[in-house]
Amino acid sequence: MNEAEGSHKETSANGVEYTCPMHPEVRQDKPGNCPKCGMHLVPEKEVHAHSGHGHHAHAHAHQDHAAAADKSYDTVPSGYDGPVYTCPMHAQVRRIEPGSCPICGMGLELENAAMAAEGPNPELVDFTHRFWVGTALTVPLLVLTMGPYLGLSGVRGIFGERATLWIELVLGTPVVLWCGWPFLTRGWNSFRSMNLNMFSLIGMGVMSAWTFSVVAVLAPDIFPAGFRDPEGHVGVYFEAAAVIVTLVLLGQVMELRAREGTGKAIRALLDLAAKTARIVREDGTEEEIPLDDVQVGDRLRVRPGDKVPVDGVVLDGRSSVDESMITGEPVPVEKVAGESVTGATINGTGSLVIEARRVGADTMLSQIVEMVANAQRSRAPIQKYADKIAGFFVPAVIGVALLAFVGWAVWGPSPALSYALIAAVAVLIIACPCALGLATPMSIMTATGRGAQAGVLIKNAEALERFEKVGTLIVDKTGTLTEGKPRLIGVFAEPGHDESEVLRLAATLEKGSEHPLAEAIVDGAEERGVKLGSAGEFEAVTGKGVKGTVDGRPVALGNIKLVQDLGLQADDLTNRANERRDAGETVMFVVVEGKIAGLVSVADPVKETTPAALKALHELGFRIIMATGDNERTARAVAARLGIDEIRADVLPEDKASIIKELQGQGEKVAMAGDGVNDAPALAQADVGIAMGTGADVAIESAGITLVKGNLDGIVRARRLARAAMGNIRQNLFFALIYNAAGVPVAAGVLYPVFGILISPMFAAFAMSASSISVVLNSLRLRGTRI
């Protein structure tokens, strides 16, 4: 055991230990992040509930392990429930106050966007102010220093050579020491902690140029001949230092504006929520109350044009509701009694009375906000390559800068040492890896926000990256391909049994089940006026059916596997059952007192959007497999109608996960789309789990992608989004690296012997800023991506 790991194996004084769902050997006495994978630690008693999340639990799986092992990066006290600030690049850094990341120097952001104060980002306001002050001082400084090269030689003559140098010092010093102070402190802290980053290079370059220039003004006689031009003057570089600071500030302002835009997307979601609700009291009176006062079970009036205050169920009324804010679909949805409604959607012209089912943080809107915020802070696996590059890049650049200084000092023309200083500073500035650090997170932040607008919720960046590579898509049938609202089609009684009695027994037994097929049988019995009895000893047999007693008589209902488990033969009914299955219906056997009494047939209509979505998925390169608990004949009938490539029928819940393992063993990248509790293990096993937002909470929790509306066309959007995001990231990495790859040798002076070209630190600062701006602007293109 290493020291870092051992430090996390502590025993809690109150008996509660926190551990990692993925690495149970990691233990500590308070919440935090796992030093191995970066996951949030959970109480040990909950670890089994979390361990099924498989790949999708890795929201921060590729973080800096050494940094994560140092608990000093997470200084949030145990039990603290106020605002927490974290680094967009290093989620293990957590503070209760704003500041800069001790690893990369970036400004910390709120973990929970809902806690953000109204108004602009204070850091953006501060940097914008510094930028304009820097610009106001740098422009006259450039005119003063560059005048002779622009035909304005009289400018310096007005003040005299010596006075001009003092004016340059007065103009340049505030830009470096005040406008650039945030960068200088971050650079200093990077050397103190030995977490070298872009601010290390900026700080070294700016301070080298400024310090040299100040000494040249205050004590020019101390410099040797190597620093003097033929007239004996020592050059100063106030304008270079000032331009570098101003351009870096410009890049930071643009980055912060882009980040604020993604943050505004989250706050805009929060603003969609109603501020008040109209409660209907038991005596029939109505009152407007704050949204925070609404409790589960309250009856609420939603008037025409009002926002639905919370998630609930319609009790009375009829109206069309605009759900585009969560589904991306512009067509209003008809709502009647029994239909569910979602908070923040907009009621049409009718009046509704609803019962509150989910309030506060449990509403779909709150969950969407949390998921988007978490995804924007997560890191894609591709980021690890940028991290590796950055890890050795800064020390290597410092080495190149030193070599450039030595080379120019030894072999450069007169004044050799001045050329050496210029080359070293230019190398430090042009190689600044700020664009490299922005390449992935800017794309992820923008893409996840764009996905949320289209009803595609990305749990983490890893899911987005994985989904681009998926070749096989496994879909459940009920609730995924179909409406998930089966209807009773027919009842077929054996000789000696009455159809109504067979249906009564089956429906009474199914009252204790939450399965959609059970609901269809119960609803069908009620529609036919069948009076149900009382059931007892109810038992659900996973993947097979249900057993129990009805009015004291043993009854069982299920598929052929359940019949065989009961030791019965169903040969006489096979032909009739197969006829129904060939029509796409699901057939269940009814067993009463140890004998087969008949069949009930249920059909689940295919969603209107399914055929077009499957066609689009095939065009996007997916091989589609339907895995269902239905009989093979029923499954084949549905698959043939929809053009599905392959079926796996009669599968138990655990079989779905086994199918995925089998395909993964063959080298396939597999996604699973499902909506039920029984789909959760498969969703967790898949490379990417896709949950229907209309499904069970555990399925959504196990998935990496959630489709708010629950239609397969959401998978089409998710695939297009994944491709666009990953393509954007690769473009960003190219923009980030090409500037450095081309710029560092040029800044070091490799072109000077042949072409006489040596770039100045000012041009290096421009190239560095252009690299960052290219990445930011390219990332923002994702906002308009058509998915």
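Letter by letter, the sequence shown follows residues 778 to 1564 of this note's numbering.
Here a beta-carbon is modelled for each residue, glycine too, at the ideal position from N, C-alpha and C.
Given the structure is predicted, the values throughout are model-derived calculations rather than measurements.
CB residue i to CB residue j, shorter than 9 Å?
{"i": "Glu1271", "j": "Ala1284", "result": "no"}
{"i": "Ala1197", "j": "Gly1184", "result": "yes"}
{"i": "Leu1129", "j": "Asp1070", "result": "no"}
{"i": "Ala1521", "j": "Ile1199", "result": "Just to set this straight, residue 1521 is Val in the shown sequence, not Ala. No, the Cβ-Cβ distance between Val1521 and Ile1199 is not below 9 Å."}
{"i": "Val1367", "j": "Val1377", "result": "yes"}
{"i": "Ala1178", "j": "Ala1201", "result": "yes"}
{"i": "Thr1053", "j": "Gly911", "result": "no"}
{"i": "Gly1406", "j": "Gly1320", "result": "yes"}
{"i": "Met1219", "j": "Leu1294", "result": "no"}
{"i": "Asn1488", "j": "Thr1363", "result": "no"}
{"i": "Phe989", "j": "Leu918", "result": "no"}
{"i": "Gly1325", "j": "Phe1315", "result": "yes"}
{"i": "Leu1241", "j": "Met1469", "result": "no"}
Using only the alpha-carbon positions, how far apart do residue i and residue j sit?
{"i": "Thr1562", "j": "Ala1495", "result": "12 Å"}
{"i": "Ile1266", "j": "Lys1338", "result": "22 Å"}
{"i": "Ile1424", "j": "Asp1253", "result": "10 Å"}
{"i": "Gly1491", "j": "Trp987", "result": "55 Å"}
{"i": "Gly1301", "j": "Val1268", "result": "10 Å"}
{"i": "Arg1227", "j": "Gly1361", "result": "38 Å"}
{"i": "Ala1114", "j": "Pro1086", "result": "17 Å"}
{"i": "Glu1245", "j": "Ile1482", "result": "12 Å"}
{"i": "Cys878", "j": "Val870", "result": "7 Å"}
{"i": "Arg1560", "j": "Ile1506", "result": "14 Å"}
{"i": "Gly856", "j": "Gly876", "result": "21 Å"}
{"i": "Asp1275", "j": "Leu1309", "result": "15 Å"}
{"i": "Ser1277", "j": "Ala1374", "result": "11 Å"}
{"i": "His1063", "j": "Glu1239", "result": "Sequence check: residue 1063 is Glu here, not His. Going from the Cα of Glu1063 to the Cα of Glu1239 covers about 48 Å."}
{"i": "Leu961", "j": "Phe976", "result": "7 Å"}
{"i": "Gln1462", "j": "Ala1480", "result": "10 Å"}
{"i": "Val1073", "j": "Val1091", "result": "14 Å"}
{"i": "Ala1193", "j": "Ala1186", "result": "5 Å"}
{"i": "Ala968", "j": "Val1204", "result": "One point to set straight first is that residue 968 is Phe, not Ala, in the sequence displayed. So the two alpha carbons sit approximately 18 Å from each other."}
{"i": "Thr1255", "j": "Glu1116", "result": "19 Å"}
{"i": "Thr1249", "j": "Val1485", "result": "22 Å"}
{"i": "Val1030", "j": "Leu901", "result": "6 Å"}
{"i": "Tyr1516", "j": "Ser1548", "result": "6 Å"}
{"i": "His827", "j": "Ser1546", "result": "Unreliable positioning characterises His827 in this predicted model, as indicated by a pLDDT of 34, which lies under 50. A coordinate reading is not provided."}
For the beta strand (DSSP E) containing residue i, list its first residue and its last residue.
{"i": "Met1365", "result": "1363-1369"}
{"i": "Asp1093", "result": "1088-1094"}
{"i": "Ser1378", "result": "1372-1380"}
{"i": "Leu1345", "result": "Where Leu1345 is concerned, there is no enclosing beta strand (DSSP E), given that its DSSP letter is neither H nor E."}
Here's the rule I'm using: 16 or more other beta-carbon atoms within 10 Å means buried, otherwise exposed. How should residue i be labelled?
{"i": "Ile1298", "result": "buried"}
{"i": "Ala1389", "result": "exposed"}
{"i": "Gly980", "result": "buried"}
{"i": "His906", "result": "exposed"}
{"i": "Ser1311", "result": "exposed"}
{"i": "Met799", "result": "For Met799, the pLDDT reaches just 48, beneath the cut-off of 50, and the residue's location in the model is therefore unreliable, although a value from the coordinates is still provided. When all chains shown are included, Met799 counts as buried."}
{"i": "Thr1223", "result": "buried"}
{"i": "Ile1221", "result": "buried"}
{"i": "Thr1257", "result": "buried"}
{"i": "Leu1554", "result": "exposed"}
{"i": "Ser1191", "result": "exposed"}
{"i": "Ala1133", "result": "buried"}
{"i": "Ala1138", "result": "exposed"}
{"i": "Ala1212", "result": "buried"}
For residue i, which option in the options has the closest C-alpha, if you only look at C-alpha atoms?
{"i": "Arg1243", "options": "Gly1466, Gly957, Ala1525", "result": "Gly1466"}
{"i": "Thr1259", "options": "Ala1173, Asp1381, Ser1311, Ala1463", "result": "Asp1381"}
{"i": "Val1428", "options": "Thr1411, Asp1422, Arg1353", "result": "Thr1411"}
{"i": "Ile1402", "options": "Gly1444, Gln1443, Ala1450", "result": "Ala1450"}
{"i": "Leu1077", "options": "Pro860, Asp1342, Ala1051, Val953", "result": "Ala1051"}
{"i": "Trp958", "options": "Val994, Val992, Ala1017, Val1025", "result": "Val1025"}
{"i": "Leu914", "options": "Thr941, Arg939, Glu945, Leu885", "result": "Glu945"}
{"i": "Glu886", "options": "Ile873, Ile880, Asp903, Cys864", "result": "Cys864"}
Start and end of the alpha helix (DSSP H) containing residue i?
{"i": "Ser970", "result": "958-970"}
{"i": "Phe1532", "result": "1529-1532"}
{"i": "Glu1132", "result": "From DSSP, Glu1132 is part of no alpha helix (DSSP H) but of the beta strand (DSSP E) over 1129-1135."}
{"i": "Pro951", "result": "938-951"}
{"i": "Lys1338", "result": "1337-1342"}
{"i": "Arg1507", "result": "1490-1525"}
{"i": "Pro1566", "result": "What is shown of the chain runs 778 to 1564, which leaves residue 1566 out entirely."}
{"i": "Arg1281", "result": "1276-1287"}
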